[in-house]
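Take the position in the sequence shown, starting the count at 1, then add 463; the result is the number in this note's numbering.
Where is the CB? At the ideal position from N, CA and C, for every residue including glycine.
To start, the structure itself, in structure tokens.
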Amino acid sequence: MLLRSIKTESTCLTILCDDELNEPLIREHGFSVLVEKDGEPPLLFDTGHTDVFLRNAEIIGKNLLEVGNVVISHGHYDHAGGLRYLANLGKRFNVFLREEAFLPKYSGERFTGVQWEEAKDGFDFMIVKDKLMRISQSMYIFGPARLNNNFEEPDSKFFVEKNGQRIRDFFEEELNLVVDEGDGIILITGCAHRGIVNIVKDATELFGKQVKLLMGGFHLYNLPESKGRRTIEALTFLGVKKIIPYHCSGELIKEMLKDAQ
Numbered sequence: 464m465l466l467r468s469i470k471t472e473s474t475c476l477t478i479l480c481d482d483e484l485n486e487p488l489i490r491e492h493g494f495s496v497l498v499e500k501d502g503e504p505p506l507l508f509d510t511g512h513t514d515v516f517l518r519n520a521e522i523i524g525k526n527l528l529e530v531g532n533v534v535i536s537h538g539h540y541d542h543a544g545g546l547r548y549l550a551n552l553g554k555r556f557n558v559f560l561r562e563e564a565f566l567p568k569y570s571g572e573r574f575t576g577v578q579w580e581e582a583k584d585g586f587d588f589m590i591v592k593d594k595l596m597r598i599s600q601s602m603y604i605f606g607p608a609r610l611n612n613n614f615e616e617p618d619s620k621f622f623v624e625k626n627g628q629r630i631r632d633f634f635e636e637e638l639n640l641v642v643d644e645g646d647g648i649i650l651i652t653g654c655a656h657r658g659i660v661n662i663v664k665d666a667t668e669l670f671g672k673q674v675k676l677l678m679g680g681f682h683l684y685n686l687p688e689s690k691g692r693r694t695i696e697a698l699t700f701l702g703v704k705k706i707i708p709y710h711c712s713g714e715l716i717k718e719m720l721k722d723a724q
């Protein structure tokens, strides 16, 4: 059964949007997680596609007006599309994202970006330029991860429009969230288009700490079993303690992780 809430010593992670949420929550193709760290304002990481994350927050009893910052992992509709509904709450949120997230995006010929003209009003967009940025006492965003192995790279079906030309999308805007708990870090990914192993490797090098919890979308659906094994072996080698896949991770990797953990 999909975990809708994860608690560590000082952090609570609540899934507000996912493809496999169970009733009474509403499921949707997308991802959104509310991050509550003791002593800090809550943070919203991604917003799903529609207002489902808002409706689920209401069902669970989470007040999103208490959110301090919003982070958008990348510019796909199923992660940033819900922003236009968040604007209806009447609070001017700080939204952290990289500028490339605003570019038109495609999967083959299908538009998979965001109608930003519908989402830009009502927010203070904080354009991220650095590789690593601290956004609260213990929360950080970093990216894009380096493409530093020979078995992970962004899916070649994805394209981005730059300067009037449609070119392959390497997701140079992809941001990941880290919660530093002192004795280790929590690492949250939106889709991990640049490779979940690449992202974990960067995180461990940037923070010099063990990833005690890795969760989010890993973009590993439809992968060969051999690549799944290689991915799990690499994450184990990097010292990841606990892994919880969501959204686009795929059923195969979920089953393989059950056996590996």
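Whole-number beta carbon distance between residue j and residue i, since they are thought to touch under 8 Å
i    : j    : result
V558 : V533 : 5 Å
F605 : D643 : Their Cβ separation, rounded to whole angstroms, is 12 Å, which puts F605 and D643 out of contact at 8 Å.
L683 : G691 : 7 Å
H656 : F634 : 4 Å
K500 : M602 : 7 Å
K620 : G571 : 6 Å
V577 : G538 : 6 Å
L720 : E688 : Not a contact, Cβ separation roughly 13 Å.
N-terminal and C-terminal residue of the beta strand (DSSP E) that residue i is part of
i    : result
S473 : Run containing S473: none; DSSP gives neither H nor E here.
R561 : First-last for R561: undefined, no H or E at that position.
Y709 : 706-709
L676 : 674-680
D643 : 639-643
Y684 : First-last for Y684: undefined, no H or E at that position.
D587 : 586-590
N626 : From DSSP, N626 is part of no beta strand (DSSP E); its letter is neither H nor E.
Proximity of residue i and residue j at Cβ, strictly below 7 Å
i    : j    : result
L495 : G511 : At residue 495 the sequence reads Ser, which differs from the Leu that was named. A contact, by the Cβ cut-off of 7 Å.
P487 : L497 : no
I725 : L476 : With the chain covering 464 to 724 only, the question about residue 725 has no answer from this structure.
L507 : V530 : yes
E637 : P567 : no
N661 : E615 : yes
K664 : G647 : no
N526 : I489 : no
Environment of residue i [buried if 16+ CB atoms lie within 10 Å]
i    : result
R547 : buried
I630 : exposed
G502 : exposed
L528 : exposed
L610 : exposed
T699 : exposed
D481 : buried
S712 : buried
F681 : buried
G544 : buried
D618 : exposed
D593 : exposed
G524 : exposed
N485 : exposed
E491 : buried
N639 : buried
G627 : exposed
G645 : exposed
P708 : buried
For residue i, the first and last residue of its enclosing alpha helix (DSSP H)
i    : result
F700 : 688-700
E636 : Taken as a continuous stretch (DSSP letters only), E636 belongs to no alpha helix (DSSP H), as it is neither H nor E.
K664 : 659-670
I523 : 515-523
L549 : 546-549
H542 : 540-543
Any 3 or more C-beta pairs closer than 8 Å across the segment 546-558 and the segment 581-594 | yes
Should the segment 644-656 be called in touch with the segment 675-683, which here means at least 3 C-beta pairs below 8 Å?
-> yes
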